[in-house]
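Chains as they are written, first to last, in my numbering: chain C, 710 to 971; chain P, 3 to 295.
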């Protein structure tokens, strides 16, 4: 149910409107995943194919667009630019802002920013900060703006957002210790599945997002939610790290193509 | 873009072409008006176009599966994504047969360095309002076609456009995106059940929207009372005193005209000139922009 939000800065619709309710569909019930079934369409350790292109937003200092089947994210980097605050800071600041387009999720999202935007932004920031040489940029701010155009699984969005942001930072020419690749995993039944979609994430008992710098062999951030045994968590982290090495190759390739084309 | 200025500071072997490019970039930043005047004196614009030339348009529909209809439009570098989400609501008491069409344009910080994060800026609000006026006056989706059950349930179409890259002329690009997205929209067949007072939608049957006229817009700007520029870029826009937008429908007929500022070029009134130029551009480039079906 949508709450009535009269926003004087936008064109408003009726006070209340509801997401359409669909009829019960017996066929759909049959094809939905049940515990014990294998994964639909992919092997458990396969991630969705990544399409990554740098430099699409010419107004920004650096930008990237990532598409993994049904997740589409655009990211732009502005900076380093002068910090608005008067407080002196020896190290540069990294500011990440995430926006979900209203049509990106199954239920329409109201344009007002909410807690989910903020939590995704914090996770992306934590993944990226260890990789940047912020001590070279005193009094400066680097702004990263991420717009999620289509969302198929929130863990996938965080992972793809971190990948796009890292490529955009490299495209902007900001000095960094290494590219940050990120991968998500979920525990579904007894199995570990990498890169879960929205449907798979909802069937999962616990999920994990790991961000790493494969070039240095270090991990920059790990977020684990839900319930899983410590052994499953370690197994998940190892699987994600292996996968990050492959994602790193795709990222480097896209940056190389972009540099060769300009 | 910032990378170019840092690289030139290094090597003494950097070519004179690079140094010229840096000088030109600095001049553009410090004296934008003079920079543009120098180009217009040669009858050309900074991006190489003629004064009456339009940028290429590409429209891509239906790529967003979470939206009921979607379109991605590229007008030169200006990129706008538009998605249509349909929800169900009760109609207004005094118009029980009318559904709702709610268009909105968002100009977020991602698309240009001049927009800061936060609530919609004046520019976004004005553009949303103008788009709403054009969509309503052109009758693209008659509101009676959105009725599910008179007085009880109607469709609300939220048409949300987000600009991803702002290189001027967001109005034309957004109108194209919104119309293309509406044309692409398919709604599930909805039935209102009097017994439960609820509306249920079918998963299997989907219908396209009933579409009226298909508006497309052509925007111009007048620089310094001396030159008429078609399809201004983000560099030219702040330097223009007047903007004129001409909206034509799918037969090339005039739907609406908007003018902001004095419409005088030299000694002549420029409005008719703009309308003729728009019709000409429509014939040459935009007749089939929304596709055959």
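Beta carbons are placed, not taken as given, at the ideal position from N, Cα and C, and that holds for glycine.
Host alpha helix (DSSP H) of residue i (start-end)
i: residue 129 (chain P); result: 124 to 140
i: residue 173 (chain P); result: 172 to 186
i: residue 872 (chain C); result: 863 to 880
i: residue 29 (chain P); result: 18 to 32
i: residue 910 (chain C); result: 907 to 912
i: residue 274 (chain P); result: 273 to 283
i: residue 828 (chain C); result: 824 to 837
Rounded distance between the beta-carbons of residue j and residue i, thought under 8 Å
i: residue 78 (chain P); j: residue 62 (chain P); result: Rounded, the Cβ-Cβ distance is 15 Å, inconsistent with contact.
i: residue 972 (chain C); j: residue 929 (chain C); result: This structure cannot settle anything about residue 972 (chain C), because the visible part of chain C is limited to 710 through 971.
i: residue 911 (chain C); j: residue 816 (chain C); result: That belief does not hold up - the Cβ atoms of residue 911 (chain C) and residue 816 (chain C) are roughly 13 Å apart, past 8 Å.
i: residue 920 (chain C); j: residue 780 (chain C); result: Not confirmed; about 16 Å, so no contact.
i: residue 283 (chain P); j: residue 220 (chain P); result: 6 Å
i: residue 952 (chain C); j: residue 756 (chain C); result: 6 Å
i: residue 889 (chain C); j: residue 840 (chain C); result: 5 Å
i: residue 173 (chain P); j: residue 723 (chain C); result: That belief does not hold up - the Cβ atoms of residue 173 (chain P) and residue 723 (chain C) are roughly 26 Å apart, past 8 Å.
i: residue 775 (chain C); j: residue 765 (chain C); result: With 8 Å as the limit, residue 775 (chain C) and residue 765 (chain C) do not qualify as a contact, their Cβ atoms being about 11 Å apart.
Nonlocal neighbours in the same chain, by C-beta distance under 7 Å from residue i, ignoring five residues either side
i: residue 814 (chain C); result: 860
i: residue 289 (chain P); result: none
i: residue 66 (chain P); result: 72 and 85
i: residue 683 (chain C); result: No statement about residue 683 (chain C) is possible, as the shown extent of chain C runs from 710 to 971 and does not include it.
i: residue 927 (chain C); result: 921
Pairwise C-alpha distance: residue j and residue i
i: residue 803 (chain C); j: residue 167 (chain P); result: 22 Å
i: residue 942 (chain C); j: residue 202 (chain P); result: 42 Å
i: residue 771 (chain C); j: residue 833 (chain C); result: 17 Å
i: residue 230 (chain P); j: residue 237 (chain P); result: 15 Å
i: residue 846 (chain C); j: residue 798 (chain C); result: 9 Å
i: residue 272 (chain P); j: residue 226 (chain P); result: 13 Å
i: residue 189 (chain P); j: residue 717 (chain C); result: 28 Å
i: residue 180 (chain P); j: residue 923 (chain C); result: 42 Å
i: residue 828 (chain C); j: residue 914 (chain C); result: 20 Å
i: residue 148 (chain P); j: residue 161 (chain P); result: 14 Å
i: residue 126 (chain P); j: residue 104 (chain P); result: 15 Å
i: residue 946 (chain C); j: residue 901 (chain C); result: 11 Å
i: residue 876 (chain C); j: residue 228 (chain P); result: 44 Å
i: residue 968 (chain C); j: residue 763 (chain C); result: 9 Å
i: residue 908 (chain C); j: residue 955 (chain C); result: 25 Å
i: residue 223 (chain P); j: residue 793 (chain C); result: 34 Å
i: residue 279 (chain P); j: residue 113 (chain P); result: 29 Å
i: residue 957 (chain C); j: residue 787 (chain C); result: 23 Å
i: residue 303 (chain P); j: residue 252 (chain P); result: What is shown of chain P runs 3 to 295, which leaves residue 303 (chain P) out entirely.
i: residue 217 (chain P); j: residue 136 (chain P); result: 8 Å
i: residue 55 (chain P); j: residue 286 (chain P); result: 11 Å
i: residue 749 (chain C); j: residue 897 (chain C); result: 12 Å
i: residue 156 (chain P); j: residue 916 (chain C); result: 39 Å
i: residue 905 (chain C); j: residue 778 (chain C); result: 12 Å
i: residue 192 (chain P); j: residue 851 (chain C); result: 48 Å
i: residue 52 (chain P); j: residue 20 (chain P); result: 26 Å
i: residue 721 (chain C); j: residue 715 (chain C); result: 7 Å
i: residue 863 (chain C); j: residue 892 (chain C); result: 12 Å
Segment limits, beta strand (DSSP E) that includes residue i
i: residue 243 (chain P); result: Looking at the DSSP string, residue 243 (chain P) is not in any beta strand (DSSP E), and its letter there is neither H nor E.
i: residue 963 (chain C); result: Looking at the DSSP string, residue 963 (chain C) is not in any beta strand (DSSP E); the run it does join, the alpha helix (DSSP H), is 939 to 970.
i: residue 896 (chain C); result: 890 to 897
i: residue 917 (chain C); result: 915 to 922
i: residue 87 (chain P); result: 80 to 91
i: residue 223 (chain P); result: 218 to 225
i: residue 849 (chain C); result: 849 to 859
i: residue 718 (chain C); result: First-last for residue 718 (chain C): undefined, no H or E at that position.
i: residue 723 (chain C); result: Element bounds for residue 723 (chain C): n/a, residue is neither H nor E.
i: residue 164 (chain P); result: 155 to 167
Chain D contact for residue i (CB, 8 Å cutoff)
i: residue 866 (chain C); result: As a matter of chain content, chain D is missing from the structure shown, whose protein chains are C and P.
Residues near residue i in its chain [Cβ-Cβ closer than 6 Å; skip 5 each side]
i: residue 925 (chain C); result: 887
i: residue 210 (chain P); result: 188
i: residue 183 (chain P); result: 71, 72, 73, 84 and 86
i: residue 99 (chain P); result: 146, 149 and 152
i: residue 178 (chain P); result: 75
i: residue 784 (chain C); result: 773, 855, 873, 874 and 877
i: residue 260 (chain P); result: 247
Beta-carbon proximity list for residue i, same chain, < 8 Å, skipping 5 on both sides
i: residue 34 (chain P); result: 237, 240 and 241
i: residue 257 (chain P); result: 136, 139, 140, 215, 217, 249, 250 and 251
i: residue 254 (chain P); result: 281, 284, 285 and 289
By the 9 Å beta-carbon criterion, what residues does the stretch 257 to 276 of chain P contribute toward chain C?
none
The stretch 72 to 88 of chain P: which residues have C-beta closer than 9 Å to a C-beta of chain C, in chain order? 72, 74, 79, 81, 83, 84, 85, 86, 87 and 88
| Positions along the stretch 203 to 226 of chain P whose CB lies within less than 7 Å of some CB in chain C | Cβ contacts with chain C: 203, 204 and 205.
message = If the cut-off is 8 Å on Cβ atoms, which residues from the stretch 98 to 119 of chain P count as contacting chain C, listed in chain order?
response = 102, 104, 105, 106, 108, 110, 111, 112, 113, 114, 115 and 119
_Any C-beta of chain C within less than 8 Å: which residues of the stretch 165 to 199 of chain P qualify?_
Under the 8 Å Cβ criterion, the stretch 165 to 199 of chain P contributes 166, 167, 168, 169, 190 and 192.
Note to self: Can you pull out the residues from the stretch 127 to 156 of chain P whose beta carbon lies closer than 9 Å to at least one beta carbon of chain C?
What the structure shows: 127, 130, 131, 133, 134 and 156
> Between the stretch 45 to 63 of chain P and chain C, which residues of the former have a C-beta closer than 7 Å to a C-beta of the latter?
Replying inline: none
ask   = Between the stretch 802 to 821 of chain C and chain P, which residues of the former have a C-beta closer than 7 Å to a C-beta of the latter?
value = 806, 808, 810, 811, 812, 813, 814, 815, 817 and 820
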